[in-house]
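Chain order of the listed sequences is A and B.
Heads up, the first sequence is in the working numbering, so the first residue is 519 and it goes up one at a time.
Heads up, the second sequence is in the working numbering, so the first residue is 519 and it goes up one at a time.
All residues carry an ideal CB built from backbone N, CA and C; glycine is no exception.
Only one structure is covered here, and it is reproduced in the block below.
Number of protein chains: 2
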Amino acid sequence: MPQNEFAEFELTKEFRSRFQQALDERDAPFIVTSLEEVNPADITALLYDFNSEESKYVLDLLSVNIRAKIINDLDPETRKTFLSVYTVGELTEIINHLDSDDAADILNELPIKTSEEIIAGLDPDLKSQVIDLLRYDANVAGGLMAKELIRARWNWTVVECIDEIRKQAENVTKFYAVYVVDENDKLLGRVALQKLILSDPKTLVKDIYDDDVTAVETYLEDREVAEIMKKYDLESVPVVNVQGHLVGRITIDDVVDVISEQAEEERQLMSGITEDVEEDDSLWRNVRARLPWLLIGIFGGMLSARFMGFFEQELAKITAIAFFVPLIQATGGNVGIQSSGLVVQSLVSPGYVDEGIWKRLTKVFSVALLNGLLLSLIVLGSTYLLFYNHKLSVIVSFALFCVVLFSSFVGTITPMIINRLGFNPALASGPFITTTSDLLGLTIYFVTVQVLI
Amino acid sequence: MPQNEFAEFELTKEFRSRFQQALDERDAPFIVTSLEEVNPADITALLYDFNSEESKYVLDLLSVNIRAKIINDLDPETRKTFLSVYTVGELTEIINHLDSDDAADILNELPIKTSEEIIAGLDPDLKSQVIDLLRYDANVAGGLMAKELIRARWNWTVVECIDEIRKQAENVTKFYAVYVVDENDKLLGRVALQKLILSDPKTLVKDIYDDDVTAVETYLEDREVAEIMKKYDLESVPVVNVQGHLVGRITIDDVVDVISEQAEEERQLMSGITEDVEEDDSLWRNVRARLPWLLIGIFGGMLSARFMGFFEQELAKITAIAFFVPLIQATGGNVGIQSSGLVVQSLVSPGYVDEGIWKRLTKVFSVALLNGLLLSLIVLGSTYLLFYNHKLSVIVSFALFCVVLFSSFVGTITPMIINRLGFNPALASGPFITTTSDLLGLTIYFVTVQVLI
Numbered sequence: 519m520p521q522n523e524f525a526e527f528e529l530t531k532e533f534r535s536r537f538q539q540a541l542d543e544r545d546a547p548f549i550v551t552s553l554e555e556v557n558p559a560d561i562t563a564l565l566y567d568f569n570s571e572e573s574k575y576v577l578d579l580l581s582v583n584i585r586a587k588i589i590n591d592l593d594p595e596t597r598k599t600f601l602s603v604y605t606v607g608e609l610t611e612i613i614n615h616l617d618s619d620d621a622a623d624i625l626n627e628l629p630i631k632t633s634e635e636i637i638a639g640l641d642p643d644l645k646s647q648v649i650d651l652l653r654y655d656a657n658v659a660g661g662l663m664a665k666e667l668i669r670a671r672w673n674w675t676v677v678e679c680i681d682e683i684r685k686q687a688e689n690v691t692k693f694y695a696v697y698v699v700d701e702n703d704k705l706l707g708r709v710a711l712q713k714l715i716l717s718d719p720k721t722l723v724k725d726i727y728d729d730d731v732t733a734v735e736t737y738l739e740d741r742e743v744a745e746i747m748k749k750y751d752l753e754s755v756p757v758v759n760v761q762g763h764l765v766g767r768i769t770i771d772d773v774v775d776v777i778s779e780q781a782e783e784e785r786q787l788m789s790g791i792t793e794d795v796e797e798d799d800s801l802w803r804n805v806r807a808r809l810p811w812l813l814i815g816i817f818g819g820m821l822s823a824r825f826m827g828f829f830e831q832e833l834a835k836i837t838a839i840a841f842f843v844p845l846i847q848a849t850g851g852n853v854g855i856q857s858s859g860l861v862v863q864s865l866v867s868p869g870y871v872d873e874g875i876w877k878r879l880t881k882v883f884s885v886a887l888l889n890g891l892l893l894s895l896i897v898l899g900s901t902y903l904l905f906y907n908h909k910l911s912v913i914v915s916f917a918l919f920c921v922v923l924f925s926s927f928v929g930t931i932t933p934m935i936i937n938r939l940g941f942n943p944a945l946a947s948g949p950f951i952t953t954t955s956d957l958l959g960l961t962i963y964f965v966t967v968q969v970l971i
Numbered sequence: 519m520p521q522n523e524f525a526e527f528e529l530t531k532e533f534r535s536r537f538q539q540a541l542d543e544r545d546a547p548f549i550v551t552s553l554e555e556v557n558p559a560d561i562t563a564l565l566y567d568f569n570s571e572e573s574k575y576v577l578d579l580l581s582v583n584i585r586a587k588i589i590n591d592l593d594p595e596t597r598k599t600f601l602s603v604y605t606v607g608e609l610t611e612i613i614n615h616l617d618s619d620d621a622a623d624i625l626n627e628l629p630i631k632t633s634e635e636i637i638a639g640l641d642p643d644l645k646s647q648v649i650d651l652l653r654y655d656a657n658v659a660g661g662l663m664a665k666e667l668i669r670a671r672w673n674w675t676v677v678e679c680i681d682e683i684r685k686q687a688e689n690v691t692k693f694y695a696v697y698v699v700d701e702n703d704k705l706l707g708r709v710a711l712q713k714l715i716l717s718d719p720k721t722l723v724k725d726i727y728d729d730d731v732t733a734v735e736t737y738l739e740d741r742e743v744a745e746i747m748k749k750y751d752l753e754s755v756p757v758v759n760v761q762g763h764l765v766g767r768i769t770i771d772d773v774v775d776v777i778s779e780q781a782e783e784e785r786q787l788m789s790g791i792t793e794d795v796e797e798d799d800s801l802w803r804n805v806r807a808r809l810p811w812l813l814i815g816i817f818g819g820m821l822s823a824r825f826m827g828f829f830e831q832e833l834a835k836i837t838a839i840a841f842f843v844p845l846i847q848a849t850g851g852n853v854g855i856q857s858s859g860l861v862v863q864s865l866v867s868p869g870y871v872d873e874g875i876w877k878r879l880t881k882v883f884s885v886a887l888l889n890g891l892l893l894s895l896i897v898l899g900s901t902y903l904l905f906y907n908h909k910l911s912v913i914v915s916f917a918l919f920c921v922v923l924f925s926s927f928v929g930t931i932t933p934m935i936i937n938r939l940g941f942n943p944a945l946a947s948g949p950f951i952t953t954t955s956d957l958l959g960l961t962i963y964f965v966t967v968q969v970l971i
């Protein structure tokens with residue numbers, strides 16, 4: 519009776535250090551044996567511990583199939599450094615074992631000379647597929663698709679279909695439908711494998727295919743491809759060119775990567791990090807990714823200092839005015855971030871319907887009015903209790919009320935403008951909006967002081 | 519010659535207003551005709567424009583299959599309100615047309631009495647499946663899985679397998695592999711449909727099945743299921759109970775939803791929104807979702823005011839000290855958000871390896887040191903140029919340097935602690951960290967003033 523435990527491989531500390539030791543001693547038998555039963559995706563995770571030479575030593579002990587899979591799984595940044603220790607011949611062998619879309623992605627990362635030399639040495643089929651794929655930008659459907667798919671002519675029988683599947687069995691894995699085309703390769707529809715299995719072998723494809731198929735065109739943006747696949751729950755989608763000819767297919771795993779990258783990009787924009795950087799990247803890269811927004815913040819702070827300088831006399835008279843600058847700015851920042859966060863959320867949601875700017879602003883205004891009233895009442899009371907100064911209390915709470923209203927407005931309108939200009943609206947939901955709110959809040963506060971004092 | 523244009527249905531403004539008119543006039547023929555060719559997912563998007571009665575009128579004109587699909591596509595919040603206009607009988611009919619996992623999700627949202635009544639009226643098969651699924655929490659593998667799958671005994675022939683597929687054809691769609699079990703229903707492996715098609719009908723399943731299959735146990739968290747499916751590029755994963763018996767399967771579309779929800783949750787935490795709210799939710803809900811962090815911000819601001827009050831004499835002597843409070847706080851906030859943003863990123867990344875807190879802190883410290891030095895030099899120069907006061911310039915730039923160091927530290931350590939406590943670390947990357955940084959920055963600044971003045 520066969521057994522199956524489904525134990526996920528765990529990278530324990532003990533295993534890592536034992537493995538490192540084997541690596542130091544170039545203990546090939548140990549390495550081969552210990553990796554025999556391990557999923558390539560787990561070997562990839564292990565490699566992040568080692569330098570390029572060590573990693574290459576490990577990979578050279580494995581079959582070229584597994585080697586190709588692991589290199590394909592690496593993140594592009596690491597891969598770039600890693601592949602520089604390989605010769606063109608070695609790289610060609612590896613890339614010959616990849617699917618066309620993965621091959622094109624890696625070739626795109628390599629220096630143009632290296633990639634030209636590799637392409638020249640690829641198997642003829644893969645070569646023409648890769649050359650076709652390299653024409654597309656990475657962030658459109660054409661750059662996301664793979665050329666590997668099963669196509670069936672609409673006048674074929676089921677048996678002919680199955681023969682085609684047999685012929686392609688080595689190249690095309692993980693497919694759940696056969697795409698149906700006419701004599702000119704124009705996409706007509708699809709037949710699910712399930713249906714193929716249950717049909718009589720002599721049935722004609724044209725009598726069983728499903729013509730209600732969603733396809734995307736090569737130039738569609740990756741975000742939109744992701745949205746369509748999510749909306750219609752598709753596990754793969756055929757890609758057609760402008761003439762409607764079938765040119766490739768995109769599978770859901772590529773789209774999962776697009777969605778995860780999108781989330782990461784948003785998180786970085788919201789955190790004020792300007793480069794795609796990770797904690798363990800180089801020191802200089804980390805410094806550089808953080809500097810731009812810090813400098814903008816410093817510039818804003820200097821502007822604030824200069825601005826407050828104009829009110830030196832008022833401040834000298836009533837020092838307590840200065841005490842409430844943090845309160846005003848913090849609230850302005852929080853309101854701005856909250857408003858922009860919600861706008862960004864609806865902008866990136868599938869099925870988002872622009873209800874018109876006025877309807878949106880009315881809603882935002884009502885929420886701000888209510889929040890502003892509540893907060894300024896609280897501040898009115900607590901300021902009076904803390905400082906026994908009713909004039910100061912009125913100034914602070916009135917200014918706070920105005921700040922809530924204005925920051926809501928700015929937080930709502932900024933991501934919409936940024937989105938309209940074609941940038942990622944999440945940009946508006948980070949240091950950008952806090953810096954703006956800070957300056958806005960300060961201005962409102964001191965104008966109030968000036969008027970009411 | 520068949521034609522296929524793949525035009526995505528577009529919800530134009532004209533169509534919407536024409537549709538609303540038809541709805542006002544209860545013009546059933548127009549509604550039915552205009553929705554005939556439209557994908558249910560697009561009808562769902564259309565319904566968000568209408569109230570529950572109107573939506574029900576539209577849905578009642580469609581087939582129960584499409585009606586069920588649309589109701590399943592609605593977001594849970596909207597669905598809850600919408601379903602309250604349905605009778606138990608109507609709901610039972612709809613739920614009878616859903617897959618077990620979707621049925622269980624909707625039943626979970628309904629009042630307990632209604633859901634009990636509906637369950638009593640379900641088709642026997644679905645009923646037992648649903649009762650089984652309702653035992654699991656929504657956020658574990660058991661709550662994510664569907665019971666519909668094709669299982670084959672390991673001693674069956676390929677023909678017997680295909681017969682089983684034929685029997686289940688109505689219940690189980692979108693599957694790409696048959697799961698292989700022993701006499702006790704213990705999962706042994708899988709056979710891809712592709713392999714089934716290419717094998718001789720008399721072949722035994724045990725001779726062709728793939729025993730190297732990744733399965734998840736019922737209690738595994740949804741995030742972890744998503745991570746495993748992403749890591750190993752799986753389009754579906756079988757779910758087993760602790761005895762290793764096959765109890766369900768999770769498909770990639772459910773996991774795509776998990777990933778999107780995760781990203782949305784993160785965005786909300788980072789924006790300081792405390793409820794799952796959308797712009798077009800009710801006024802009160804919007805107010806309530808924003809209040810908590812605003813109140814915490816106000817509390818922090820009041821603390822700052824009180825704290826600055828202790829330095830009233832110093833401020834009265836040199837008013838310019840107050841001018842730099844915004845600069846100090848903005849920089850502290852930005853540094854804190856950036857650091858926590860990067861920590862959150864590595865905590866949520868698959869393949870994240872905890873390299874030990876010391877290694878991480880050393881790196882963070884070096885980045886902060888470099889950034890701090892650069893920024894304080896810039897501030898030293900510009901403060902002097904703006905105010906011609908070298909003492910003030912030294913105080914401000916030295917305090918800024920310390921603030922960058924401390925905020926980096928706090929921004930790094932906070933999400934790690936929050937993560938260790940079992941909360942979502944993104945919580946640390948929003949107003950939480952800005953409020954903390956504000957207070958920290960102010961303290962450092964005034965201590966510096968006290969010492970250096």
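Next item on the list: Taking Lys-720 of chain A as the reference, give the member of A:Cys-679, A:Tyr-654, A:Ala-695 and A:Leu-706 with the closest Cα.
Entry: A:Cys-679
Check: Cβ-heavy atom distance between Lys-692 of chain A and the ligand ATP below 7 Å?
Finding: The ligand ATP is not part of this structure, which contains no ligands at all.
Note to self: Any C-beta of chain A within less than 8 Å: which residues of the segment 819-830 of chain B qualify?
What the structure shows: Gly-819, Met-820, Ser-822, Ala-823, Arg-824, Met-826, Gly-827 and Glu-830
Next item on the list: Please confirm if the segment 924-931 of chain A is in contact with the segment 785-797 of chain A, defined as three or more CB-CB distances below 8 Å between the two stretches.
Entry: no
Notebook entry, point to check: Which same chain residues, not among the five before or five after Met-519 of chain B, have their C-beta less than 6 Å away from its C-beta?
Noted result: Confidence at Met-519 of chain B is low in this model, with a pLDDT of 35, below 50, so the placement of that residue should be treated as unreliable; the coordinate-derived value is given next. Result list for Met-519 of chain B: empty, nothing under 6 Å.
Checklist line | Cβ-Cβ distance between Val-743 of chain A and Ile-768 of chain A below 8 Å | finding: yes
Next item on the list: Answer yes if the segment 814-830 of chain A comes into contact with the segment 948-957 of chain A, meaning at least three C-beta pairs across the two stretches below 8 Å, and no otherwise.
Entry: yes
Checklist line | DSSP three-state assignment for Ser-754 of chain B, whether helix, strand or coil | finding: strand
Notebook entry, point to check: Counting contacts by CB-CB distance shorter than 8 Å, is Ala-525 of chain B in contact with chain A?
Noted result: Caution applies to Ala-525 of chain B, whose pLDDT of 46 falls short of 50 and renders its modelled position unreliable; the value that the coordinates give is listed next. It does not: the Cβ of Ala-525 of chain B has no partner Cβ on chain A nearer than 8 Å.
Notebook entry, point to check: Alpha carbon to alpha carbon, what distance is there between Val-731 of chain A and Leu-644 of chain B?
Noted result: 29 Å
Check: Counting pairs of beta carbons, one from the segment 872-886 of chain B and one from the segment 793-812 of chain B, are three or more of them closer than 8 Å?
Finding: no
Margin query: Residues of the segment 530-559 of chain A in Cβ contact with chain B at a cutoff of 7 Å, in chain order, please.
Written below: Asn-557 and Ala-559
Next item on the list: Label Ala-638 of chain A either buried or exposed according to how many other C-beta atoms from any shown protein chain fall within 10 Å of its C-beta, with 16 as the threshold for buried.
Entry: exposed
Margin query: Please list, in chain order, the chain A residues whose beta carbon lies closer than 8 Å to that of Glu-784 of chain B.
Written below: Ala-781 and Arg-785
Notebook entry, point to check: Between Ile-683 of chain A and Leu-711 of chain B, is the Cβ-Cβ spacing less than 8 Å?
Noted result: no
Next item on the list: Put Lys-704 of chain A into one of helix, strand or coil per three-state DSSP.
Entry: strand
Next item on the list: Give the residues of chain B in contact with Thr-837 of chain A, contact being defined as C-beta atoms less than 7 Å apart.
Entry: Glu-830, Leu-833 and Ala-834
Notebook entry, point to check: Are three or more beta carbon pairs between the segment 623-631 of chain B and the segment 732-751 of chain B nearer than 8 Å?
Noted result: no
Checklist line | C-beta contact flag for Ser-602 of chain B and Leu-651 of chain B at 8 Å | finding: no
Checklist line | Three-way DSSP call (helix, strand, coil) for Leu-821 of chain A in this model | finding: helix
Notebook entry, point to check: Helix, strand or coil: how does DSSP classify His-908 of chain A here?
Noted result: helix
Item checked: Stretch pair the segment 752-772 of chain A + the segment 692-705 of chain A: three plus CB contacts closer than 8 Å -> yes
Next item on the list: Identify whether Thr-769 of chain B lies in helix, strand or coil by the three-state DSSP scheme.
Entry: strand
Item checked: Proximal residues of chain A, C-beta to C-beta of Pro-810 of chain B below 9 Å -> None at all; the shortest Cβ gap to chain A is about 10 Å.
Note to self: What does the alpha-carbon distance come out to for the pair Asn-614 of chain B and Val-582 of chain B?
What the structure shows: 10 Å
Item checked: Contact list for Ser-864 of chain A against chain B, beta-carbon separation under 9 Å -> Glu-796, Glu-797 and Asp-798
Next item on the list: For Tyr-694 of chain B, name the three-state secondary structure that DSSP assigns.
Entry: coil
Item checked: Span separating the alpha-carbon of Asn-673 of chain A from that of Leu-553 of chain A -> 48 Å
Next item on the list: Report the option in B:Pro-943, B:Val-795, B:Ile-814 and B:Val-843 whose CA atom is closest to the CA atom of Ser-864 of chain A.
Entry: B:Val-795
Margin query: Does chain A have any CB closer than 8 Å to the CB of Phe-842 of chain B?
Written below: yes
Note to self: Is Pro-520 of chain B close to chain A? Criterion is C-beta to C-beta, closer than 8 Å.
What the structure shows: Reliability of the predicted coordinates at Pro-520 of chain B is poor, the pLDDT of 39 falling under 50, and no value is obtained from them.
Check: If we ignore side chains and look at the alpha-carbon of each, how far apart do Glu-666 of chain A and Gln-647 of chain A end up?
Finding: 9 Å
Note to self: Is there a Cβ of chain A sitting closer than 8 Å to that of Gln-847 of chain B, yes or no?
What the structure shows: yes
Note to self: For Asn-852 of chain B, would you say it is in contact with chain E, using Cβ-to-Cβ distances shorter than 8 Å as the test?
What the structure shows: Structure shown: chain E not included; protein chains present are A and B.
Item checked: Minimum Cβ-Cβ distance from Asn-889 of chain A to chain B less than 8 Å -> yes
Next item on the list: Using a cut-off of 8 Å between C-beta atoms, extract the partners of Gln-761 of chain B located in chain A.
Entry: Result: empty, since nearest Cβ-Cβ is about 12 Å, beyond 8 Å.
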